[in-house]
Every structure is written in C-alpha cells, then in structure tokens.
Amino acid sequence: MDAERWLRLSPLLDALLELEPDARAERLRELGADDPSLAAELTELIGLEDGHEDFLSEPLVTPQQSGMRPGVEVGSYRLESLLGEGGMGQVWLASRADGLYQRRVALKLLRPGLTDTNLRTRFTRERQILARLAHPYIARLLDAGVTRDGLPYLALEYVEGEPITDYCRNQRTPLDKRLRMFQQICDAVSHAHANLIVHRDLKPSNILVTPAGDVRLLDFGIAKLLDSNDVPLPEQTRTGARAFTLHYAAPEQVRGEPVTTMTDVYSLGVVLYELLTDSKPYKLKRQTDAEWEEAILAADPLRPSQAVLRYADANDPDLDPGSLRRLGRQLAGDLDNIVLKTLAKRPEQRYPSVEALSLDLQRFESGRPVLARAQSVRYRINKYVARHRWALATAALVAVVLSASLGVVAWQAREAVVEAARAQAMQDFMVGLFESARGTPEGEALDLRGLLDASVARGNRELARQPRARAELFGVIARMRISLGDYNEARGLLQRQSQLIAATDDIPDSLRLESLTQRGKVLRLLAQPRDCAALMQPALDLARREQAQLPLQASEFYSELGRCRRANGERQGARQLFERSLAIRREMRENTDVGEVENLMDLAGLQADAGQDREALLGFEQARRKLQQSVGDRHPLQVEIGRNLAVLRRGLGRLDDAERDASEALAIALEVNGAQHPATLEVRRQLAALHIDQGQFVLAQKDLELIRNLLAQRLGPEHADLIGVHGALGVVAWERGDLARALAELERALQIARRHPQAGRLAELMTERALVLHEAGRDAQARELLEQVRRLRIRQDGAQAGTVGESERLLGEIDLALDARAAALPRLQRARALTRAAYGERDPRARAAELSLSRAQAAAGDAAALAHLDALAELPINDEALRKLGWRAQAYAAQLRCAGPQRGQARARLDGLLRSIGEARPDGSEVLREVQAIRQTCAG
Numbered sequence: 038m039d040a041e042r043w044l045r046l047s048p049l050l051d052a053l054l055e056l057e058p059d060a061r062a063e064r065l066r067e068l069g070a071d072d073p074s075l076a077a078e079l080t081e082l083i084g085l086e087d088g089h090e091d092f093l094s095e096p097l098v099t100p101q102q103s104g105m106r107p108g109v110e111v112g113s114y115r116l117e118s119l120l121g122e123g124g125m126g127q128v129w130l131a132s133r134a135d136g137l138y139q140r141r142v143a144l145k146l147l148r149p150g151l152t153d154t155n156l157r158t159r160f161t162r163e164r165q166i167l168a169r170l171a172h173p174y175i176a177r178l179l180d181a182g183v184t185r186d187g188l189p190y191l192a193l194e195y196v197e198g199e200p201i202t203d204y205c206r207n208q209r210t211p212l213d214k215r216l217r218m219f220q221q222i223c224d225a226v227s228h229a230h231a232n233l234i235v236h237r238d239l240k241p242s243n244i245l246v247t248p249a250g251d252v253r254l255l256d257f258g259i260a261k262l263l264d265s266n267d268v269p270l271p272e273q274t275r276t277g278a279r280a281f282t283l284h285y286a287a288p289e290q291v292r293g294e295p296v297t298t299m300t301d302v303y304s305l306g307v308v309l310y311e312l313l314t315d316s317k318p319y320k321l322k323r324q325t326d327a328e329w330e331e332a333i334l335a336a337d338p339l340r341p342s343q344a345v346l347r348y349a350d351a352n353d354p355d356l357d358p359g360s361l362r363r364l365g366r367q368l369a370g371d372l373d374n375i376v377l378k379t380l381a382k383r384p385e386q387r388y389p390s391v392e393a394l395s396l397d398l399q400r401f402e403s404g405r406p407v408l409a410r411a412q413s414v415r416y417r418i419n420k421y422v423a424r425h426r427w428a429l430a431t432a433a434l435v436a437v438v439l440s441a442s443l444g445v446v447a448w449q450a451r452e453a454v455v456e457a458a459r460a461q462a463m464q465d466f467m468v469g470l471f472e473s474a475r476g477t478p479e480g481e482a483l484d485l486r487g488l489l490d491a492s493v494a495r496g497n498r499e500l501a502r503q504p505r506a507r508a509e510l511f512g513v514i515a516r517m518r519i520s521l522g523d524y525n526e527a528r529g530l531l532q533r534q535s536q537l538i539a540a541t542d543d544i545p546d547s548l549r550l551e552s553l554t555q556r557g558k559v560l561r562l563l564a565q566p567r568d569c570a571a572l573m574q575p576a577l578d579l580a581r582r583e584q585a586q587l588p589l590q591a592s593e594f595y596s597e598l599g600r601c602r603r604a605n606g607e608r609q610g611a612r613q614l615f616e617r618s619l620a621i622r623r624e625m626r627e628n629t630d631v632g633e634v635e636n637l638m639d640l641a642g643l644q645a646d647a648g649q650d651r652e653a654l655l656g657f658e659q660a661r662r663k664l665q666q667s668v669g670d671r672h673p674l675q676v677e678i679g680r681n682l683a684v685l686r687r688g689l690g691r692l693d694d695a696e697r698d699a700s701e702a703l704a705i706a707l708e709v710n711g712a713q714h715p716a717t718l719e720v721r722r723q724l725a726a727l728h729i730d731q732g733q734f735v736l737a738q739k740d741l742e743l744i745r746n747l748l749a750q751r752l753g754p755e756h757a758d759l760i761g762v763h764g765a766l767g768v769v770a771w772e773r774g775d776l777a778r779a780l781a782e783l784e785r786a787l788q789i790a791r792r793h794p795q796a797g798r799l800a801e802l803m804t805e806r807a808l809v810l811h812e813a814g815r816d817a818q819a820r821e822l823l824e825q826v827r828r829l830r831i832r833q834d835g836a837q838a839g840t841v842g843e844s845e846r847l848l849g850e851i852d853l854a855l856d857a858r859a860a861a862l863p864r865l866q867r868a869r870a871l872t873r874a875a876y877g878e879r880d881p882r883a884r885a886a887e888l889s890l891s892r893a894q895a896a897a898g899d900a901a902a903l904a905h906l907d908a909l910a911e912l913p914i915n916d917e918a919l920r921k922l923g924w925r926a927q928a929y930a931a932q933l934r935c936a937g938p939q940r941g942q943a944r945a946r947l948d949g950l951l952r953s954i955g956e957a958r959p960d961g962s963e964v965l966r967e968v969q970a971i972r973q974t975c976a977g
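Heads up: the sequence shown is residues 38 to 977, going by our numbering.
Next up, the structure:
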C-alpha cells in the first residue's frame, strides 16, 4: 500500500473504529456506494483490528489497581457486571448487598487513581444535578457515597433498554410513534431546563428506550447548572479529551463559547434528524474531527426528506425504496423545516426553548401551521384545506372559502413576522430574567415571589411594545401566583392582562379563554363564585364555538365554570359542565390525565354535596388511583384528594382512616405547597377536626387558632375558608364547657357564612349553635334555629333526604326537653325512617335516630324500647360516632332504671361510665357533662 493510499485510509479507519458496529456497517455501505475498493480495504483493516482489541489495553505504568470486579462490595452495593467505561469512570450493574430491598442499580464509579480535578468536579456536579431532577423520563439518582478507598460513586436507576435510534430501527417504529417518543425526550429536557440545567451531551446512547417503549434520559456527567457560581469547566480537558460528543455538538460548543438551553435544542435536532432519516445531518467525504467541526460550523445540513430519498435511490437490497419514498414525502415540508430550525448555526435562530420545539411538532401532528417556516399564502391555504378536507369536499365550496379567506391569509402571512418578533422578545426576556436570578448568593434560597415581582417590572419595561407578549407573561405569572396561594396578587395580574387583551387587536381566542378561566378560578378561590359565574357564563358560546380547535382550553373553561356553579349550589348545571369537560379530555387522550383526575374529583364532590358519601368515597379513590398511575404520589392534587377522603371517612365515623388520609395529605402539602399555603392550612383544619372527634380539644384549639391567624393574614378576615375555622373553634369551646365562647365563635362563623351562602355551611353551623343553646337551657331559641335548618335542608336536598331526617331527630329531642312528647314521637319515627332509607340502618346517623326514638319510647313505659337501648349500648365500637352513641345509650338506660328497683346498679353503671369517658376525654366533653347531669338526678 503506497503512502498516498494510506493517508486517505488512515483517518477513515480511525473514525470507523470509534463507531458502534451497526453505525460502522452503515458508514461502510455509504463509502462502498462511492468507492467499492476503498470500502473493501477498510473492511479488511477492521478485520485485522478485531483480532487485536487487547493490544496496549493495559497502561505501561498503572495507577493503583482498581480492584473492581463482580462480587466486590461498594458501599451498600455488590457489583455484578461491567456495563461500560469511559474517560471519567466505570458504570457497573449492581444490587443491594445489605438486603434492605431488592433493586438493581447502575453504579457509576470515578476511575481509580484519577487526579484530574476537572473530572472529579464534574462527577460531584452530576450528583448535585441529578438530586434536583425528578421526572418520569429521566433516570433517577437513588443513592450516593464514597468507597473505602475514598472514591465517590453514584447509584442510578438501572434502565434496561437500547439507544432510541437502535430501538426505532430494530422495531421498525412508524413515524408518528417516533415523534411521540421524541416529545417524551423534550419533556425530560424541558424539566431539566426548568431547573436551570443544560445537559450538553444529548445523543442516542444517552437516550434509552425500555421494552415498554418509554424513554429514559441518562448521563448528566457534563451538564451545566445555569444558576451555579462554580468556576466554569473547560469544554476540553488538558489531555485534549472533549467534554461532549462531537457529532451532536452545537456550533457554540465547537467554538468553545458558553452554552445555553438552545445548545440542547441543537443536539436534540441532530437526534431528531437521526430518528427520521437513520443518518447524520452532514455527508462528509472524510470522517475526521476537523471535517466534522467544519461541517458543524459552516455546512448546511441536507434536508431530512432528501437524505431519505438518497437511500431510496441507492439500490440497496436491504432497503425498501417504496417505503423510503413515502417517508420522504412525509418529511418534506414541515418536518424538514422543523429539523432545520433546530440545526440553525446561530442560537437565536433556533427554537427559543425545547418546549417551543415540542409544541411545533404537536402543531404538525394536528395539521396546524408550524412556526418553523415562512408561512406563505399558499402554505396557509394548504393547511386550511388539509384540516377541513371534508367540509371543503366540493370544488364550489373550496372556491368560496378560498376567495373569502384571501384577506385572512394575507393577514396571517404578516402575522408570522409579528409572531417571530414576539417569540424573540419573549426569549430575550426569559433569558434576561434567569440571568438576573443568578445573582442569588450561594446557599441562599431563591426568592421566587421576588423573582415574580421583578419579572412583572421587567415585562412592563422590555415588552412595552409587545402587548400580546406582555398579556401572555402576566397570565403565566398569575398562574404561578395561584399555585403559591397568592390569590389577591394573581387577581391583580389577571385584571391587567384583561385590560391588555381588551386593548389589543391580535389576541387569539385561546388566550381569551385561558384568561377568562384563570380570572374565574381566582374569584372562586377568593370565595366569590357568583362573580366567577357572572364573568364566565357569557363566554360559554365562545368555548363551544372553539371547542373543536381548542379542546384543551375549552375543557379547562368548562371545568372552572362548573366549579363556580357548584359553589353556587347549581349542582345539575355543574354536573353537565364537568361531564362535557371529561368527555373532551378522554377524546384527546394524550396529556390529559391530570385534567381527567380533576373532573373525577369534581363529580365525586357533587356526590358528597348530595350526601352520597359512600359513592363520593369511591369517586375520590378512583381519582387517586388514576393520579398515582399517571404522575405519582407527589402532586398537588393528591393533597385535595386526601383532604376530601378524610372529610368523607370522618363523616362515616372511620376516624383512623380519616387521620391517615389527612396526615398523608399534609405531608405532601408541606412538600409541594409549603406550610402557609391555603391548601396546607385547610388540611391542618381537617386534622384539627379529627382531634376534636378524638377528644384532643386543647391540641385542636391551639392548631385552629394558628390556622385562623395565618388565613386571616393571607386571605383576609372575611374569607370563606375562615367559616370552618371559627366553626371548629366554637365546637372546641362547647366540648370544653365554655358555652359563651362557643356561641360567639359560631356566630362569627355564621356572619361570614351569610356573606358566602354558596359555601354550604349555614345548615351545619346553625345546627351546632342550636346544640349549644340547648345545653345552655335556651331550648326555644334552639328549636327556632333547627326549624330553619329543616326548611333549608328540604330546599337544598329534598324532603326525603337523610339530612332532613337528622334535623327531625334534633327537633324531636328538643320537643322532649320541652315536654312536647306528642310532637316528639312522630318526628323521631320520621327521622329513623329517613336516615335508614338514605344511609342504611347500620350507619351511625341512622343509629342516632334509633337511639333518640328508643329513649322517648322507653320514657313512655315501653319495655321493649329499654331492651333496645341495652342493645345499642352493646354495639361494637369501631368508630368514634358509635362510641359516643354507646355512651349515651348506657346513660339513658341507667337513667330509666334509676326510678326503679335497679337504682344501685344504675348508679354503679353511671360511675363506671363516667370514669371511662373521663379517661377517653381528659380535656372534657359535652357527653361527659350530659352523663354527669344524669348521674346527679340518680343520686337522690
């Protein structure tokens, strides 16, 4: 072989030896199409290399021996097999050695003897980065530690899969599925960017696909923390080893310039190119690093459709030319332009974010115009016809529509320029905003609210000539304020957004619907559901009209309007809206799981409103299962679900289960919302209510007073959330015997409730106040209140509702206290019938009606009724409501026996009962006082 021939072969051979076998074979096929003899010589040389892979594999001068081999224990892990190694270290398949749990991990070890401080720093930084990321498509950090020899290690989620390009090639994955998988990658990278992390080494070998078809993003070893104050690491080490993979590197990486999130956009573009074409973007004569660098910096990538058509014309017997030509036609146009936009040489010419890239792919999939091309008149018309092919079936109709659309199309063509300017303005704004956030001192928590305030101020300055962009910005910040529980601040932002929308001509219907939905939501959260309904109801026709084109926005609009109507007591109208929203989301299928969960919760809430507690319980449990399956346990909706489950189980007397649900909800709320968020405080209130049921009145009062102060400070002293707090404080005061404070707290709760009648608490509060008045001896006032409650229950729930039966029971007891026995017995019989029919005869509410009726009948001399009281006293105590019912049954039976020959036994039984109640209720109890009063009448 002459020297000239070797000079041509040598760089090609070096490049081929760096490739994986499949990629190497592909490259040899490409070379063979141009020069068969060259490919044959290279194949021969590679064959010689294959027999001598171990030549010089051991260094001439070795550092300390690693000692890493299968069976060796590293921290709590036992090595099983070597998965791979590189310049930074080794990755082993390992399992727990201590038997604490069964899980295989990918154990990443820094190479022994390594003295390069840059690589050690990268290893430490990878641990910090992975600790910040929690996403279903990112391989998780499970553990970290140091070996006995002082080497750091990371235990990562072991992903059993293959590189995404290999998976798609082997599975012959269709185009639509490849695009969906790529959008999963975009979701993962967007999550990293949201945490101010740039990956910097996105490539197929770092994106695995599991056997189930889900992607996992790996290897944040050279990722960059945008908010880090660390000394920046060089893109190339002193030994010349690059800190990135050249074939997927962006031009700014090759030039050694700072990286941004747009660097990852470029690398994703290369990955997308490979997914679509099975080839790289640049066709080079020599596969040298220098030629790759030149191509990345200066060459125009071949359009993906052209790359595929080249394969179709290559006469390769392993390829199907017909399929390739069809694929080429699918790629031509929009997908070509989307890919080429990601591969722009200048970062500002690419998509402003990975999310923007993903959204453009979604536009392509739904047949809508994409932003990645100059949107000509012909292009807009073609897209319109493609989306409405059935509506435009006849040539006459097409002619009419196109002629009528000429003005609109021309406007849309101009709109593309405006849209690009707006997107660039938003990009510049967000980059500047996060650059300003980097000034936070190391170790000091980022002031998110301060950042949001600063973003509003910057938006007013920098987007002053972009009213639509400013309106969108205010909407985003308002959503964040709502998630933080800052409802008044969100309301102010949404009002400013509304003013911008009203004064701007080019506002799309999607933004109008989103704005109305968020304004309605914040009004509801501020306990103004009537204002919410008045605002949103007029836009119902707009939502219906745009439902087909804007299903996401329409479903959110219907859901929020339904919640406002539910809060106003319009259950049937609310149900129709929830069911319509749920149907839309189920039809959309993708990315609607959380929305479906919200609607399942909405429908379960309506069942709870109607007193169908068991059905509501099943509905919330179904919602929880779906949420766990789709997004896991640590989601804000889990807080609301857990709180509602606790309320329902408490109502059914299952206090232990209710406390478990409330405690789990509180743990999640503290994690995702913080200690002072209104949702967290509402869960705390439910726990305080459970403490009341369990007789822990001192603890409950302390918690409730803290909650009252925080809520009043956060939401104002007249907010509807304070109704329940004042009501619970009234119950605590009543249980502890402070009747004056009880009446004052309950009256305060009623004052707020009358301002918010939609809150649905009036009947409950009036009932509790009547019970306190009854104990205070003010039975006439108590009876008047209970009559109002009964009428309210009939109006809300219907004359045959179980809630009406509960009111009849209490009225019957008051009648007995007023010696109106003739009126009391029919009431109590009606109470038993209604509660049994509504709840079932074993429900504590039905048992309570049975107890009151038996007591009245026994007092009238019915011996069978006395025996029935004894039976009720012996019921198994499996919940708190039945426990209190049993205490009362024992006391009432003993009271009746005090007038006869069993007086001594009755006294003894009452004494024992008082001891039991005193032990169970050390803070006092209204039941304890009632039994004490009975014991006093039995003393003489």
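Backbone N, C-alpha and C define an ideal beta-carbon position, used for all residues, glycine too.
Residue i, enclosing alpha helix (DSSP H) - first and last residue
i    : result
L748 : F734 to L752
Y595 : P588 to A604
L614 : R608 to M625
V762 : D758 to E772
Presumed contact (8 Å Cβ cut-off) between residue i and residue j, rounded CB distance
i    : j    : result
V19  : L368 : Nothing about residue 19 can be reported from this structure: the residues present for the chain run from 38 to 977 only.
H905 : S889 : In fact, because the Cβ distance is near 12 Å, the residues do not count as touching under 8 Å.
D546 : E583 : 5 Å
E887 : L903 : About 14 Å; that fails the 8 Å criterion.
Y190 : V142 : The pair is not a contact, with the Cβ atoms about 10 Å apart (cut-off 8 Å).
Sequence-distant residues of its chain with Cβ nearer than 6 Å to residue i (five each side left out)
i    : result
E967 : none
Q221 : Y174 and V252
H982 : Residue 982 lies beyond the residue range present for the chain, which begins at 38 and ends at 977; the question has no answer from this structure.
R215 : C205 and L312
Reduced DSSP category for residue i - H, G, I as helix; E, B as strand; rest coil
i    : result
D490 : helix
I234 : strand
Q649 : coil
Y190 : strand
S552 : helix
K382 : coil
V111 : strand
D880 : coil
R177 : coil
L53  : helix
E330 : helix
Element boundaries [beta strand (DSSP E), containing residue i]
i    : result
K320 : From DSSP, K320 is part of no beta strand (DSSP E); its letter is neither H nor E.
I544 : That residue, I544, is in no beta strand (DSSP E); it is neither H nor E in DSSP.
L521 : Unbroken run through L521: none, as it is neither H nor E.
S132 : G126 to R133
L147 : R141 to L147
R253 : V252 to L254
Contact set for residue i: own chain, Cβ-Cβ below 7 Å, skip 5 residues either direction
i    : result
K320 : L339
A580 : L550, A591, F594 and Y595
S535 : S552 and R556
R115 : G108, A131, S132 and A134
Beta-carbon proximity list for residue i, same chain, < 8 Å, skipping 5 on both sides
i    : result
D907 : A926 and A930
D203 : D59 and P241
V559 : A515, I519, Y524, A527, R528 and L531
heavy atom of the ligand NAD below 7 Å from residue i C-beta
i    : result
T300 : The ligand content of the structure shown is nil, which means the ligand NAD is not present either.
Report yes or no: do the region 868-879 and the region 663-681 share at least 3 C-beta pairs separated by less than 8 Å? no
Three-pair Cβ contact test at 8 Å for the region 179-199 versus the region 289-300: no
How do the region 295-307 and the region 196-216 stand: do at least 3 beta-carbon pairs fall below 8 Å, yes or no? no
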